[in-house]
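J.:
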């Protein structure tokens, strides 16, 4: 009985302590009505499209955070805030290298603001401009390829423009990326000379000037998926979990699928007949919905082509068309996806073939590694483009 009373007392004490803590948490902050002193000792480090300002906090003990206020060329006011634990603050989103006035305020727990301390920053050339200067566009099968360099890995969008029915330049493709470098493709265009425009936009709405190029896409057509079928050879990976090669050509990126069986090692491959001999320009594959850039989706692959596959399943008679590594746009770890990741997954992973690749009828899709480092391979759909003429 005595032990039960002790336990009851301890429990009651714990409840009272918790209630006291809650009351302390919701207790109103006392506003003394006295503004803190200004920040002092300002020094600036200019960055690409940004600047970092170092400062000393005032001696006031109730300072909560420091706020930086500045205006864009369009008169839009922006703010940046850091807690009192910091002695630097970074202001971002500048469109050019002109001087900008930045005002810093110390703010206390009662919301009282100090007098402003002003400093001038001179940002270095912003990323969207340096990226624009790196753009190069070339014609390819069914469209154009645009290569870029993004040394600071800035979060930007590249927009491709083409004339509409009235001859006005209109956006036809937008690529969002933080990659350090790369090439993005625009496809499904007619093989006629076209005046294209390409510009870069950052996340603050700053827009570069437009790169204007005149290019003629190389003719291509989407190959008829209904003519494609499995070509089962002795060394092809075994199937499992309801998977089939036929599921890759049903026109549904969320329906039936290809899935290898248990066990085995990497690499794994499967073979199929396109039903027509063609100079392949590109192909796309789609990952398992809900597991983008994860699990059994191919990551590094080889695409082989042949017109007379060896019946023993060897690679005799096969030509390596290309090697491709899938790159996650955001670079985030497995299980984490950005909007750009999801958009890219829904659009499908595209492999562009070299223009020197020969005409072939049979394709061997060889997975060297997947996203989980396991030994399974799963794909939901494949589409092919090329020239059969």
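Residue numbers (mature numbering (1 follows the signal peptide of the UniProt record, and there is no 0)): -24 to -1, 1 to 365.
The beta-carbon is built from N, C-alpha and C at its ideal position, and this holds for glycine as well.
(1) Taking the CB atoms as reference points, tell me whether residue 318 and residue 268 lie closer together than 8 Å.
(2) Where do the ends of the alpha helix (DSSP H) carrying residue 104 lie?
(3) Looking at C-alpha atoms only, which residue of 138, 132, 15 is the closest neighbour of residue 94?
(4) So, with DSSP's three-state summary, where would you put residue 121?
(5) Provide the residue span of the beta strand (DSSP E) that contains residue 368, from first to last.
(6) Looking only at its own chain, which residues have a Cβ that is under 7 Å from the Cβ of residue 360, when we skip the five neighbours before and after it?
(7) For the candidate residues 27, 130, 71, whose alpha-carbon lies nearest to that of residue 307?
(8) Can you list, in chain order, the residues of its chain whose CB lies under 7 Å from that of residue 196, leaving out five sequence neighbours each side?
(9) Please report the straight-line C-alpha distance between residue 162 and residue 13, rounded to a whole angstrom.
(10) In terms of residue numbering, what span does the beta strand (DSSP E) encompassing residue 139 cover?
(11) Excluding the 5 residues preceding and the 5 following residue 345 in the sequence, name in chain order all residues of the same chain whose CB lies nearer than 7 Å to its CB.
(12) Less than 8 Å separating the beta-carbons of residue 325 and residue 224?
(13) Leaving out five residues before and five after residue 64 in sequence, what residues of the same chain have Cβ atoms less than 7 Å from its Cβ?
(14) To the nearest angstrom, how far is the alpha carbon of residue 26 from that of residue 67?
(15) Rounded to the nearest angstrom, how far is the Cβ of residue 355 from that of residue 279, given a contact under 8 Å?
(16) At what residues does the beta strand (DSSP E) containing residue 246 begin and finish?
(17) Starting from residue 127, trace the beta strand (DSSP E) both ways and give me its first and last residue.
(18) By Cβ distance below 8 Å, which residues in the same chain neighbour residue 190 in space, the five residues on each side in sequence not counted?
(19) Tell me where the beta strand (DSSP E) around residue 335 begins and ends.
(20) Between 283, 299, 320, which has its C-alpha nearest residue 335's C-alpha?
(21) Given this structure, state the Cα-to-Cα distance separating residue 343 from residue 351, to the nearest angstrom.
(22) Taking DSSP's pairing of strands, which residues face residue 81 in a bridge?
(23) Keeping to the same chain, check which residues put their C-beta closer than 8 Å to that of residue 62; ignore five residues upstream and five downstream.
(24) Going by beta carbon distance, what residues of the same chain come within less than 8 Å of residue 207, once the five residues before and after it are set aside?
T.: With the structure as the only source:
(1) If you number the chain shown from 1, residue 318 lands on position 342. If you number the chain shown from 1, residue 268 lands on position 292. Yes.
(2) The residue given as residue 104 occupies position 128 in the chain shown. Boundaries of the alpha helix (DSSP H) around residue 104: 103 to 110.
(3) Against the chain shown, residue 94 aligns to sequence position 118. Cα-wise, what sits closest to residue 94 is 15.
(4) Here the question's residue 121 lines up with position 145 in the chain shown. In this structure, residue 121 counts as strand in the three-state DSSP scheme.
(5) Residue 368 lies beyond the stretch modelled for the chain, which goes from -24 to 365, so this question has no answer here.
(6) To locate residue 360, count along the chain shown from 1; it is residue 384. Hits under 7 Å: 199, 250, 256, 259.
(7) As a first step, residue 307 is located in the chain shown; it is residue number 331 there, counting from the start. Residue 130 is the option with its Cα nearest to residue 307.
(8) Taking the chain shown and counting its residues from 1, the one referred to as residue 196 is at position 220. Answer for residue 196: 117, 118, 257, 361, 362, 363, listed in chain order.
(9) In the chain shown, the residue the question calls residue 162 occupies position 186. In the chain shown, the residue the question calls residue 13 occupies position 37. Distance between the alpha carbons of residue 162 and residue 13: 56 Å.
(10) Residue numbering aside, residue 139 sits at position 163 when the chain shown is read from its first letter. DSSP places residue 139 in the uninterrupted beta strand (DSSP E) bounded by 132 to 139.
(11) Sequence index remark: in the chain shown, residue 345 carries index 369 (1-based). Around residue 345: 242, 275, 276.
(12) In the chain shown, residue 325 corresponds to position 349, counting from 1. In the chain shown, residue 224 corresponds to position 248, counting from 1. The Cβ atoms of residue 325 and residue 224 lie no closer than 8 Å to each other.
(13) Translated into the one-based positions of the chain shown, residue 64 becomes position 88. Around residue 64: 28, 29, 30.
(14) Counted from its first residue, the chain shown places residue 26 at position 50. Counted from its first residue, the chain shown places residue 67 at position 91. In this structure, the alpha-carbon of residue 26 lies about 6 Å from that of residue 67.
(15) Counting from 1 along the chain shown, the entry for residue 355 is found at position 379. Counting from 1 along the chain shown, the entry for residue 279 is found at position 303. Between residue 279 and residue 355 the Cβ distance is about 13 Å, and since that is not below 8 Å, they are no contact.
(16) Here residue 246 corresponds to residue number 270 of the chain shown, with the count starting at 1. Looking at the DSSP string, the run of the beta strand (DSSP E) that includes residue 246 is 244 to 262.
(17) Within the chain shown, the letter at position 151 stands for residue 127. Here residue 127 belongs to no beta strand (DSSP E), and DSSP marks it neither H nor E.
(18) In the chain shown, residue 190 corresponds to position 214, counting from 1. 169, 170, 171, 172.
(19) Against the chain shown, residue 335 aligns to sequence position 359. It spans 335 to 346 - the beta strand (DSSP E) in which residue 335 sits, taken as one unbroken run.
(20) As a first step, residue 335 must be located in the chain shown, where it is residue number 359. Of the listed residues, the one whose Cα sits closest to residue 335 is 283.
(21) Counted from its first residue, the chain shown places residue 343 at position 367. Counted from its first residue, the chain shown places residue 351 at position 375. Whole-angstrom Cα-Cα distance: 10 Å.
(22) The residue you call residue 81 lines up with position 105 of the chain shown. For residue 81, which the question treats as bridged, DSSP gives the partners 43.
(23) Here residue 62 corresponds to residue number 86 of the chain shown, with the count starting at 1. Cβ neighbours of residue 62 beyond the five flanking positions: 42.
(24) Position 231 of the chain shown, counting from 1, holds the residue named residue 207. Residues 247, 248, 249, 285, 338 of the same chain have their beta carbon placed closer than 8 Å to that of residue 207, with the five preceding and five following residues left out of the count.
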